[in-house]
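For reference, the structure is listed below as structure tokens.
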């Protein structure tokens, strides 16, 4: 078993991690759990697998890295159990990024975009029979029945944001191997059409900014941006055919058009103005060190358990100084990657696709919870790791690293995974009862996802 986890019997470690991240989308019905909770549990399992796999890797840890981790854990510990859960979780995401980056540097996997697109195609194939039943049998259109694996159909749009550039890249690669590339275009169009049907407006904002970003990366970037636009155009046509023309031709009157309905809302904020004002009030109250990790989930704004804006959330929970540091680091990273793409005149399609994914994910994070939901959270981390693995690894200078740090790193991941399980156990051991009690205690008429499906933290439950 350990040999499997170490990669000795696993020829493609990166592909395994990518495939493992989508397990909850397909297995949740058998667990009896909600889609969101199943994703979170599988995410914890992925952390554990990463810890075992890291035993084989030579990951050097600097004192600076240790200092950041200890500061995060210490602040979480000082703010209570839920804050500590969040702090441990963020450290484990950072560790997952490190493991995946190191693995792909040691063993690059050129077929990862095709694996990424293959997962999307598999999901799409499983959606089509339900759509055929809607058309042929005249069944009513219920969006949630299509987007299995997600507690909200608009969370499916997160996946499209984080996958479309990779799907386009895989289409380009596979088109040279087939005599019927139009089949690939149809599949890509169907993928986009279901994103339109989900009514996820943030995805279109994200993709628009991603297209602008890669279009500025030289001739190759403009060519890749045009292929993205072409894919979206094909998807729009497919949406019209599947969700407008076919229902009209078959006389179906039950088929709703959620994508069009949401688009017609235009700039309607869906409560985000209230969320952002609430966050600003909390930032004003404690601007320097914030209110503590996960503290927004304790608020009673009746809308959501996070402010639907990444920078406001960091400022609210961790303080304005840290939010400014993170914003500066993100801006620096993006500028470096864009300059690298420009210097190569956009001749590296994989770099452009990954850059488009990251720009889109960060853009959508300012209006949505794409970096809060477990599935899209893992996908974003893995894509960032894939991009960083394309750069030469930086060794820790002599004297600045910890002796035997790779062993400490592995033990640290496994210890934190065990600690997270221990901290989660009060809810994990009685999910249905706990979530029902939480609904009753808060009076909120619906689940509001954050960490678990019920993201509300009742004061005093720490």
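Residue numbers (my numbering): 29 to 490. Using N, Cα and C, we set each Cβ at its ideal position, and we do this for glycine too.
- Residue 323 carries a helical assignment under DSSP once its states are collapsed to helix, strand and coil.
- Of the candidates 396, 218 and 243, 396 places its Cα closest to the Cα of residue 303.
- Annotation: the continuous alpha helix (DSSP H) that includes residue 247 extends over 246-268.
- Secondary structure of residue 90 (DSSP, three-state): strand.
- Residue 388 sits away from residue 225, with the two beta carbons spaced by 9 Å or more.
- With respect to the C-alpha of residue 322, the residue from 149, 484 and 54 having the closest C-alpha is 484.
- Assigned with DSSP and collapsed to three states, residue 332 falls in coil, not helix or strand.
- For residue 239, the enclosing alpha helix (DSSP H) begins and ends at 229-243.
- Between the alpha carbons of residue 238 and residue 353 lies a gap of roughly 23 Å.
- Non-local beta-carbon contacts of residue 62 in its own chain, meaning distances under 7 Å to residues more than five positions away in sequence, involve 179 and 481 in chain order.
- Here the C-alpha atom of residue 208 lies approximately 30 Å from the C-alpha atom of residue 176.
- Non-local C-beta neighbours of residue 472 in its own chain, meaning closer than 8 Å and more than five positions away in sequence, comprise 330 and 484, ordered along the chain.
- Uninterrupted alpha helix (DSSP H) stretches at least 4 residues long and entirely within the stretch 346-383 occur at 348-371, given in chain order.
- For residue 466, the enclosing alpha helix (DSSP H) stretches over residues 459-470.
- For residue 368, the closest C-alpha among the options 242, 190 and 81 is that of 242.
- Taking the Cβ atoms as the reference, residue 272 lies roughly 15 Å from residue 220, outside the contact range of under 8 Å.
- Take residue 346, set aside five residues on each side of it, and the residues of its chain with a beta-carbon closer than 6 Å to its own are 318, in chain order.
- Distances from the CA of residue 89 to each of 134, 474, 447 and 434 were compared; the closest alpha carbon is that of 434.
- Listed in chain order, the non-local C-beta contacts of residue 382 below 7 Å within the same chain comprise 411, 414 and 415, local neighbours out to five positions each way being set aside.
- In the three-state DSSP reduction, residue 182 falls in the coil class, being neither helix nor strand.
- Rounded to the nearest angstrom, the Cβ distance from residue 82 to residue 441 is 6 Å, consistent with a contact under 8 Å.
- By the neighbour-count criterion, in which a residue is buried when 16 or more other Cβ atoms sit within 10 angstroms of its Cβ, residue 455 is buried.
- In the three-state reduction of the DSSP assignment, residue 409 falls in the helix class, which pools H, G and I.
- Each residue's CA atom was taken as its position, placing residue 229 and residue 336 some 13 Å apart.
- With contacts defined as CB atoms closer than 9 Å, residue 452 and residue 72 qualify as a contacting pair.
- In the structure shown, the three-state DSSP call for residue 302 is helix.
- The distance from the Cβ of residue 108 to that of residue 247 is about 53 Å, inconsistent with a contact at the 8 Å cut-off.
- Put simply, of 301, 75 and 362 the residue whose alpha carbon is nearest the alpha carbon of residue 48 is 75.
- The Cβ atoms of residue 386 and residue 350 lie no closer than 9 Å to each other.
- As the crow flies, the alpha-carbon of residue 196 is around 15 Å from that of residue 236.
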